[in-house]
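Okay, so the sequence shown: first residue is 6 according to our numbering, each after it adds one.
The structure appears below as structure tokens.
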Amino acid sequence: MSQIIGYLSEKACYICVDSNIVYPDKSTSLSNKLFISKHFIIATAGLSFGMDILEGLMEKSRTLDIKSFEEIEEYLMTIGNNQYKNFINNFERTLKKEFMRVYFVFSGRKTTGELKIGLLGAEDKEDFKRIEIKNLITAPRRLGIEMAMMNLKDQNENDLKNFFKKAMEKISIIDKNVSPPFRLGIINKNGKTDYKLL
């Protein structure tokens, strides 16, 4: 299982993800699971097929000008969900049950202009579901990290980058499925997206 940490401050959003990929045959590799457009950032954890879904989203975002939070969520809940269900139906006999899950953490501006962070995903054969969150998330859940994140208010960007790096390093020590390099996507207060390798 991968690790995503997401944090929405009053002015910016940060999504950090590790690089470990586990394939249906249980082999592993390192890959970039953070996708950045000029309007949004999104990361995936769980089944490696989540990356295929996001590659499709990025292609559609270029041709259909997908940019709002609502459009990203709608794409994942419809097209992404259908792709996931087809994949599970085709490969469920060869997939271990603990690999049959996928999550997406994403951030973008709503049509009203409000910056928002979202989490959705599915386990086993279920449909994608929206999971209600406020301004911070770890997927899978890491309550110690989430509690530490509650103290991030008013931190500058360098302090936040250091926090994400240290949190991911700490997780990778106790969970061998979480591997560096760690990637941090940022939507800043001016609405610009950026990427940092931690």
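In this text, a Cβ means the ideal position worked out from N, Cα and C, and glycines have one as well.
Practice problem: Kindly indicate the opening and closing residues of the beta strand (DSSP E) around Asp-129. | Solution: Under the DSSP assignment, Asp-129 falls outside any beta strand (DSSP E); it carries neither an H nor an E label.
*In terms of residue numbering, what span does the alpha helix (DSSP H) encompassing Ile-192 cover?*
Premise fails: Ile-192 lies in the beta strand (DSSP E), 188-192, not in any alpha helix (DSSP H).
task: Given a cut-off of 8 Å, decide if Leu-125 and Lys-134 are closer than it, judged by their beta-carbon atoms.
output: For Lys-134 and Leu-125, yes; Cβs fall inside 8 Å.
For this session: Report the rounded CA-to-CA distance for Ser-14 versus Phe-169, giving the unit in angstroms.
Result: When the Cα atoms are used, Ser-14 and Phe-169 turn out to be separated by approximately 14 Å.
When Lys-43, Ser-7, Thr-33 are compared against Gly-190, the one with the closest alpha-carbon | Lys-43
- Query: Helix or strand or just coil, what does DSSP make of Ile-138?
  - Reply: coil
query: Buried or exposed: where does Leu-69 fall if 16 or more other Cβ atoms within 10 Å of its Cβ makes it buried?
result: exposed
Q | Segment contact flag, the segment 112-130 with the segment 76-96, C-beta cutoff 8 Å, min 3 pairs | A | Touching, yes, given that three or more Cβ pairs across the two stretches are closer than 8 Å.
Do you know how far the Cα of Leu-100 is from the Cα of Ala-48?
22 Å
- Query: Would you call Lys-38 buried or exposed, if buried means 16 or more other Cβ atoms sit within 10 Å of its Cβ?
  - Reply: buried
How do the segment 71-86 and the segment 24-35 stand: do at least 3 beta-carbon pairs fall below 8 Å, yes or no?
No, they do not touch.
According to DSSP, is Asn-25 part of a helix, a strand, or is it coil? Three-state DSSP puts Asn-25 in a strand.
Next on the checklist: Can you find the residues in the same chain that come closer than 7 Å, C-beta to C-beta, to Asn-25, ignoring five residues on each side of it along the sequence?
Outcome noted: Ser-7, Thr-33, Leu-35, Asn-182, Val-183, Ser-184
* CA-to-CA distance, Pro-145 to Leu-202, given in whole angstroms -> Distance between the alpha carbons of Leu-202 and Pro-145: 21 Å.
Spatial distance of Phe-54 from Glu-131 (CA atoms)
15 Å
- Query: Do you know offhand how far Lys-197's Cα is from Lys-72's?
  - Reply: 13 Å
*Asp-57, enclosing alpha helix (DSSP H) - first and last residue*: 54-69
When DSSP labels each residue in this structure, what does Ala-50 get in the three-state scheme? strand
Q) What are the boundary residues of the beta strand (DSSP E) that Ile-84 is part of? A) Note, Ile-84: premise wrong, no beta strand (DSSP E); not H, not E.
- request: Below 8 Å on the Cβ atoms is my guess for Cys-18 versus Ile-192; work out the distance and round it to an integer in Å.
  value: 5 Å
Taking its Cβ as the centre, do 16 or more other Cβ atoms sit within 10 Å of Thr-117, making it buried, or is it exposed? exposed
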